[in-house]
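Residue numbers (the working numbering), protein chains in the order written: chain F, 1248 to 1349; chain X, 6 to 709; chain A, 6 to 501; chain Z, 30 to 635.
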C-alpha cells in the first residue's frame, strides 16, 4: 500500500497549487477553480485518513463525499455571481473589482 | 461685657436688613441711613455699657494696687471660648471674643467715629443714587472693624480682617464708574491681600506649633517658651506683613493714597478708626508675639521708621488735599508702628487713639471742602481735590476752617492738643528705649508734618480765590490734567501758590496765547457757583469730633492722671515722665515747620517754585512718590502678567497640543495609514490569510 | 426604596417622563424637570440633615442584589464625605434646571440628558459598590458630549469631543484599577465581595493588597479619577469644556462633575490603597500645587469670562488635590469642603456668565464695562462668587482653603506657601476681572442688557445663601466630613 | 462515539424542523402572493420564528445529543433563541427596505431563515463535519444574500469577493479539519478532547491543523488578519444583510469556536491562548484605529464589528484550565455577544431606517441632522453606539465588564487594558456619528441653525443664494434702529455669508429661516440683532423692572424646526424592541446571566 505520507504530500502539493492559484490568478473564474483544487486536496486527505487512521468508522469517506458536494455547489453559486458581475461590469478581473476599498 | 458681641452683630444686621429689606422699599435711601446709624449708635451704646463694666473692674483692681496679674485677669474677658465655631479632628476653631482695655478702647473709637461719619455722610452723599448701598456697606464696614477689635482668636481676627478689606474695596470703588476709582479699589484689596499672605502663613505657623488660633493660648505658649524661637521670629515678621499691607506701611503703602478715590467719609473712616488702624491694632494685639523676638521688633521698628519719614516727604509736594492727608496718615501710621517696634507699646497705641480723631476730622473737613468745591469746579475738568484750585475758603467755610485748623495743630503736635501728648509719648519712649534713629526720624517727621499740614491750610483757606479762574484754564492745557513735567509743575505750582500775583499773571509763557483770552473772559466773579459752608449734618459732626480731636490726648498726660497707660500696656504700666526737653524740642520743631509753611505759602518770602527748581530731581521724585507706583506697575506688567501669559501659552501649546492633541492626532494618523491596507483586491485579502496563518504558526512555535 | 434610591430615581424617572411628553409642551417639560430636581434637592436635604455624624460610617444604606455572579450588589449609602456632595448635587441641579429655562432648541432632549446625567452623579456619590460607582461615573460623563456639542458655544464640537474622550480615557485607568482590585480580592480569597467599598477597606481584605500591588495600581486609580478632577496636567479638557458648555451644563460640570473625580480619588484611590497613597502622594501633591498656581496665572491671562472661570476651577481643584494628598485629616476635610464650596461658587459663576452671554453673545472681558450700573443684581451675585473664589472669610471657600492650607503646612510647608500665594494671585485676577467688566464707565452699547431674570435670580440666591451659610456656620459640614475622613486618614497613617 | 441510527431522537430538533418548514412556507407564499405582498411573507417568517422561539424555550434544561453530532443543551438553546430573535429583527427591519431596494423579497426572507438554521446548527454541532456543513449552510445563504441587490454593482462585487474568500477560507478550514481528523482519528469533539489529553503533547500535525482551523474560523468571526473581507462585504451588502452578517454570522462563528475549543481543544489551551491574545490585540486595535477615518457608516460599523470581535477574542484567550475562570469567560463572551446582537441590530436598524428615508445614502455626513428629523431613531442609534462603546446604561458596559473581569482573572490584565483603551478609541468614532446626527444640521437646512451655518456649507456646496438669506436676515432688524446702521449692515452681511451654503430649496420647503447670527455665534453682528431686539421689543426687562417681574422668555433663541422624517411604525417597533434589549441587558442582566451560567455549565459538561 502507498504509505500515508505519500498521499499527504500529494494532497499538500495539490493544496498549495490551489493556494498559489488563488494568489496569482486575476480572473475570478480561475480563482474559483484554484479553490476547487484546494477542496480536492482536502477530499484526498480525508479519504486517505479514513483509510489509514479510522478504518472502523470510515467517517472520513462520508466527509469526503460531503466536501465534494459542497465544492460543487460552491462553484456553481460562485460562477453564478461571477456571471452577474460580468454582466454588469463586463469584467471578471478581480483587479477591476475594487469599488469598495479603504 | 457679655454684650460686647452685640456691637458687630448690630451693624452686620443693619447691613443685611438694608440689602434684603430696605432695598425693596420705595424709601430705601432714608430707611437704610436710619437703620445704619441706629445700629452704629447701638454699637456705641454697647461700648458705653462695656466701658462702664471695664471701668468698674479697673477701679476695683486699682484698689488692690500692685498685683499686676490680677489686673490682667480682671480686665480681660473672653467670650465664647468654650464652644468651638467648628472642629476638625483634634483641632477646635473657636470664635472667641476678647474684651480688654485695648478692645474696649477700639470699640469706642470705632463706634464713635463711625457714627459721626455716617451722620456726616447723610449730607455728603445726598443725592447719590446708591445712597442706600453706601450706608449698607458702611454698616458692614463698621461691623467688620468692631468684630476685628473684639476678636480673641487669630482666625476670627483674620476673618474680620479680610471683611474689612472687602468693605474698603467696595467703598473705595463706590464711584466705580470712574475707571481710576475701580482700579484704586482693586489695588487696595490686592495690595493688602499680599500682606495677608504673610499674615496667613504666620498664623498657620503658630497654629502648627500650638494647635490653636486662640490668642491667649498662643501667647501663653510663647511666654512659656514652648514655641521655638525661630518660629516666633518668622511668624512675627510674617504676621507683621499683614499689618504692613493693612496699615499702608512701606513698601505696601501704594494703595492708601489711591484709596482716596472713595467718597471722603470713607477716606475718613479708613484713615482713622478702621482699615489702617487694623494693622496697628494687630501689632498691638499680637504684641506678646513680637516682643518675644528682638529681630521681629527690630524689623517692625525699621519699617515704621522708614514709613514715617518716607511718607512725610511725599506729602510735602502733593497737590490733592486728600493725598496730602493720605501720606500724612501713612507717615503717622509709621510713627505708631515705629513706637510699637521700639517697645513703646502704650505710646504707639495712644497715638493711634488720638490720631483717629484728628485724622477723621481732617478728612471730614477735606470732604466738606471738596463738597463745596465740586459745584464750583464742575465742568472745568479740574479736580475739586486740588489745593491749587482752592484758596481763600477761610471766610466762606468758617466751621470747616476752624475745625481743620484744630485738627492740623493737633496733628502737628502743638501743646496742649492731643497730638502733642501722644507724639511726645512716642518720642519719649523711643528715647527711653535708646532708639536714637527712630527718635531723630520722629523729630524730623514732626517738622515735616507741621509743614505740610500748614501748607495745606494756607493753600486751601488762605490767599486768593483761585477757583474763580479754574474754568478759564482749558482742561487740557497742560497744567493739571497732563502729568506734570519737570518744567511745568514747578511753574504751575509757583503760579498758583503765590497770592500776591494777579490772576493769570503767571500763566506759563508757553500757554499764554491760549489761556489769556479765556482768563479774561471768565475772570468775572460770580460767574460760577461759589464755595459755601456745608449743611449742618456735615458741619455738626465736624464740631463734635473737634472736641476729642483736641482733648482726647489729655487722658494720657503723663503723671497727671494717666488711665490710658494704666489700662493699655504691655507688662507693667509704662509711665514716661513728661520730659521737658523732648516736649519742647518736638513743639519747637513743629512750630518751625509751621513757620516755614507760613513764609512759603502765606507770606511768600521764600518762593516754593524756586526751591523746586533748585532741586528738580528731588522734587520730581517726591512728586512722583519715589516712583513706587511705576515700579509696581512694571512688576505687574513685566513679571506677573508675563507669567500669566507664559502659563496660558504653555497650557495651550505644550500641554493641550502636546500631551492631549498629539496622541489623538497620532491615533487618527495611524488609522489613516492602516486604512490603506484594505486595497479592495481579493487576492491580497487571501494573502493576508497566509500571513495570518504564518503568524499563528510562529506564535505556536515561539510560545508553546 | 429609601431616600437614596429615590434621589437617583427621581431625575431618571423625570427624564423618561420628559421623553414621553410631546415636543411642543416645552413649558411642561421645563416644569417637570424643575419639579424633579426640586424633589431631589429636598431629598438630598433630608439626607444631609438626617446624617448622624456622631454615629459616623455609612448611613441610609440600601442594598439590592444585582449580579451575584460577580459579587456586584447595588449598595447605596452615604457617609460624611458623600452627604455634602449629595447636597451639592441637589442644589446645583435644581438651580441648573431653573437656569436652563431659556433653552428652547430641543428642550426635550436637553432636559432628558441633563437629568440622566444627574442621576449618574448621584449614583457615584451614593454608591457603595465599586462597580456601580464606576457605572454611574460613566453615566455622568457621557451625556456631556451631546449637551456641549448641541447646546454649547465657542468651539463646542472640539471641546465636547476632547472632554468626552479625555474623561473616558481617564476612566480606562479606573476600570483597569477596579478589575485589578477584583482579581486581587476575588482570586485569592473566596467569600469576599470584591466590589463592596466597605469590605475593601476592611483590614482583613486590606492584607490582600501587598505593597507592590498598591504601588502599581494607586496611580492608575488616582490619575484615572484625577482626570475628571482636572488634575494638572490632565486638565485641558476643563477650560475648553466649561467654555463651550451651555450654562447649566457648565454649572453641573464644574460644580459637580469635577468633584466626582476628586471623590473617586478619595473614596477608591486613597481609601482603598493607603500604602500606595503614602508612596505617591508627594507627586500628586506637586501636581496639585502646580495646578493651583498655574491655573491662577493662566486665568489671569484669559480674556473670555468663562475661560477665566474655567482656569480658576483648575486652580481650585488643585487645592482639592493638594488637600487630599496631604494625607492629613485637616487637609482632607478641607479638600472635601472645598469640593462643596467650589461646586457652589462655580455654579454661581457659570449661571451668571450664562445670563449675560445669552443677551450679549459675547464674553470678552474687555468689551464689557460699567455693567454694575445697569445690572446690580448680576454684579452683586457675581461679586459674591468672585469673593468666595478668592477665599473671602464668611463665604464657604475660606474655611475650605484654610483647612487645606493648614493641612499642607502640617505636611509640606513649602507647598503651603505656594498655595497661599496662589490665593493672592486668584484675588488679583478676580478683582481685575470685576474692575474691568463691571466697573468703569458705562458702555452704552450694553444699555439693552437686562438684569437677571426671575429664574436666574432664584437660582443665584439659593447658591449665594448656601455659600454664606456654609461659610458662616461650617460646623455641620465639617463634623460630618471629619467623621468620615478620620478612618481614611487612619488607614493611610496620615497626620491626624 | 459512533453514529447510531437508533439514537436519532427527532423531537430534539423540533425548532430546527419548524424553521425548515417555515422556509418552505415562506417560499411557497412568495410564489403565491408575489412581490406586492412581500410584507405578508415577512410577517409569516416572523410569526414562525416566534413559534420556533417558544418551542426552543421549552427545550431549556434538556441535555441530549442527536446522534452525537448535535448537542441540544442550554448552550445551544440559548444561541438558538438568540439567533431566532436576531432573525426576527432582521426580518422586521427588512420589511420596508426589501420592498424598496431588493428584488424578490420573499425569497430573501427564506434565505435569511436558511442562514439562521445554519447558525443554529453551528451552535449545536458537536462534530466537525456537522459543524462544517452548518457553517456552509450559513455561508451559502450569506453569499446569496450579500449579492441580493442585483442591480447594485457594489452588492455584486461584494458577493463575489465574499464567495471567493469564503470558499478559500472554508478550504483552509477543511484542510485543517482533515489534518485534525488524521491526527486524532475522530471528528467528534468529546473524542477529540480525550485524544488530545491522551496525546499529552502537541504534534506538528495538530499544530498545523490548529493553524488552519483557526484561520478558517477567524474568517467567520473577522479576526485580524482574516478580516479583510469584512469592510468591503459589509459595505456592499444590502444593509439588513450587513446587520445579519455582523450579528448572526459572527455570533455563530464564536459559538462554534466555543464548541470547538471548550468541547475539543481545552486541554491544549496553552497552545492557543497566546495566539488568541495576539489576535485579540490585533483585531481590536486595527478595527478601532481604521474605523476612525471611515466616511461610510456601514464601513465604519464593519470596522467597529471587527473591534468588537477583538473584545470577544479577549474572552477566548481567557479560556483556561481553571474551570470557574473559563466558565466566567464563556459567560462573558456569550453575554457580550448577546448584547452585541441587540446593539448592532439597533444600529443597523437605524441605518436601514435612514436609508429608507434618504434613498439609500450611506455616508456618515449624509446622516447630518438625522436625529433632529427622526428623534426616536436618533435616540436608538445613540444608545446603540454608546452600547458598542461600552458605556453604562446600555448593554455594552455590563457585558464588557463581565467579560473583562473574567479575562482579568485569567491573568490577562494587560490584554484587558489594551481592550479598554481600544474602547475609548472606539468611543471617538461613535461620537463622530452621533455628532453628525445630533449636532449638525440636516443637509439643505444650513441657514436655520444657531450660529453654525458653515458646516453644511463645507460638505455640500450648493449654489449660493446670498440675496435671499440676506433679505431674511435683515428683515427683523429693519424695525429697530437705535444700534446704528453700520452694525446692522454688518449683521446682514454676516448672515448672508453664513447662508452661502444654503440649499436653494430651503425657502420653498417652508422652513422658518432664522438669521444665522441670531444664535450663539460669537460675532458682533449678533449683538446688533439681539440688542436691537431688546431695545425695541422687550421693554419689560429694563433696568427699572424688579427682578420678579422680568420676562424669562426674553432671551430665548428662536427654535429650529425641521420637517420630521416619516419612519414606518414597523421600523420604529423593531427599533424599540432592540432598544429594550439593550436596556434590559444594560440594566438588569442577571436573568440573562443566570441562563448563561447554565449554558456554560452545559458547554463544559459536554
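The beta-carbon is built from N, C-alpha and C at its ideal position, and this holds for glycine as well.
Can you check DSSP and say which residues form a bridge with residue i?
i                       : result
residue 500 of chain A  : A:333
residue 82 of chain X   : X:104
residue 46 of chain A   : Beta-bridge pairing links residue 46 of chain A to no other residue.
residue 72 of chain A   : A:77
residue 451 of chain Z  : Answer is none; residue 451 of chain Z lacks a bridge partner.
residue 83 of chain A   : A:64
residue 1340 of chain F : F:1274
Taking C-beta to C-beta, are residue i and residue j nearer than 8 angstroms?
i                      : j                      : result
residue 605 of chain X : residue 611 of chain X : yes
residue 332 of chain Z : residue 316 of chain Z : yes
residue 407 of chain A : residue 400 of chain A : no
residue 123 of chain X : residue 252 of chain X : no
Counting only C-beta atoms, is residue i closer than 8 angstroms to chain A at any point?
i                      : result
residue 188 of chain X : yes
At least one CB of chain F closer than 8 angstroms to the CB of residue i: is that the case?
i                      : result
residue 385 of chain Z : no
residue 691 of chain X : yes
residue 395 of chain Z : no
residue 176 of chain Z : yes
residue 317 of chain Z : no
Looking at the C-beta of residue i, does it have a partner C-beta in chain Z at a distance below 8 angstroms?
i                       : result
residue 1324 of chain F : yes
residue 677 of chain X  : yes
residue 150 of chain A  : yes
residue 1321 of chain F : yes
Please return the same chain residues whose Cβ sits closer than 7 angstroms to the Cβ of residue i, not counting the five positions on each side in sequence.
i                      : result
residue 367 of chain Z : 111, 614 and 621
residue 591 of chain X : 418, 428, 429, 432, 448 and 451
Establish whether the CB of residue i and some CB of chain X are separated by less than 8 angstroms.
i                       : result
residue 1248 of chain F : no
residue 193 of chain A  : Low per-residue confidence applies at residue 193 of chain A: pLDDT is 47, beneath 50, and the placement is therefore not dependable, though the value from the model is reported in the following sentence. It does not; no Cβ of chain X falls within 8 angstroms.
Starting from the C-beta of residue i, find all residues in its chain whose C-beta is less than 6 angstroms away, skip the five residues before and the five after it, and write them out in chain order.
i                      : result
residue 329 of chain Z : 320 and 323
Q | the segment 97-111 of chain Z / the segment 60-76 of chain Z touching (three or more Cβ pairs under 8 angstroms) | A | no
Q. Within the chosen definition, does the segment 23-32 of chain X reach the segment 8-18 of chain A through at least 3 CB pairs nearer than 8 angstroms?
A. Contact fails between the segment 23-32 of chain X and the segment 8-18 of chain A, because fewer than three Cβ pairs, one in each stretch, are under 8 angstroms apart.
Q: Pair every Cβ in the segment 275-291 of chain Z with every Cβ in the segment 22-34 of chain A, then say whether three or more of these pairs are closer than 8 angstroms.
A: no
Q | Touching by the beta-carbon criterion (3+ pairs, under 8 angstroms), the segment 429-444 of chain A and the segment 374-383 of chain A | A | yes
Q) Three or more beta-carbon pairs under 8 angstroms between the segment 197-206 of chain Z and the segment 241-252 of chain Z, yes or no? A) Counting C-beta pairs closer than 8 angstroms gives three or more between the segment 197-206 of chain Z and the segment 241-252 of chain Z, which meets the contact rule.
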